[in-house]
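Under my numbering, the first residue of the sequence shown is numbered 491, with each subsequent residue one higher. Note sheet for the following structure.
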Amino acid sequence: MSLEKVIFGFFVLLAATLNFGFFIGDISNAALHNEYELFAAVVVNLIATVLKFGDRTQIGAVHLATSLVADLQLIAATLTWVYATQISTAGMTPEATASVVSLSGGALLANLVSVALLVIETTTFQRR
């Protein structure tokens, strides 16, 4: 068993599960979407992205692409949350919440593709 593969798989799966935890719930109810969970999803996704930089294979390139998409969407969701709560006079409206949750949903889709690639890569691995 490779410790490197275990750590890589751990962060890929943790990124997806944290993102899912934030995403699930009524899209317009901010009380159901915890800002700390969004922050954790961003941090873990960034760590997963760094771990994907070393792979020079085609599937590694797709892994990196999915991670970059998830990072971009989660950072946009975070910026939208910060704007709504810290800058906008309207506060966290149902519309702003829907935007944040929708952006995290896009990141969740990218994370699910990354998990699917990880499963495919693992099942096609042949011992030598």
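Virtual Cβ for every residue (Gly too), placed ideally from N, Cα, C.
Report buried or exposed for residue i, applying the criterion of at least 16 other Cβ atoms within 10 angstroms of its Cβ.
{"i": "Leu541", "result": "buried"}
{"i": "Ala586", "result": "buried"}
{"i": "Asn601", "result": "buried"}
{"i": "Val532", "result": "buried"}
{"i": "Phe513", "result": "buried"}
{"i": "Ala580", "result": "exposed"}
{"i": "Ala551", "result": "exposed"}
Our contact map puts residue i next to residue j with C-beta atoms below 8 Å; I'd like the distance itself, whole angstroms only.
{"i": "Leu508", "j": "Val534", "result": "6 Å"}
{"i": "Ser518", "j": "Leu564", "result": "Going by Cβ atoms, the distance from Ser518 to Leu564 rounds to 19 Å, so no, they are not a contact pair."}
{"i": "Leu558", "j": "Thr539", "result": "6 Å"}
Would the beta-carbon of residue i fall within 7 Å of that of residue j?
{"i": "Ala506", "j": "Val591", "result": "no"}
{"i": "Gly511", "j": "Glu527", "result": "yes"}
{"i": "Val496", "j": "Leu608", "result": "no"}
{"i": "Ala597", "j": "Ala560", "result": "yes"}
{"i": "Ile549", "j": "Glu611", "result": "yes"}
{"i": "Ser589", "j": "Thr568", "result": "no"}
{"i": "Val603", "j": "Thr556", "result": "yes"}
Against chain C, with Cβ distances strictly below 7 Å, would residue i count as a contact?
{"i": "Ser594", "result": "The chain labelled as chain C is not found in the depicted structure, where only one protein chain is given."}
Taking only runs of the alpha helix (DSSP H) that begin and end inside the segment 493-553, which ones reach a length of at least 4 residues, in chain order? 493-513, 525-542
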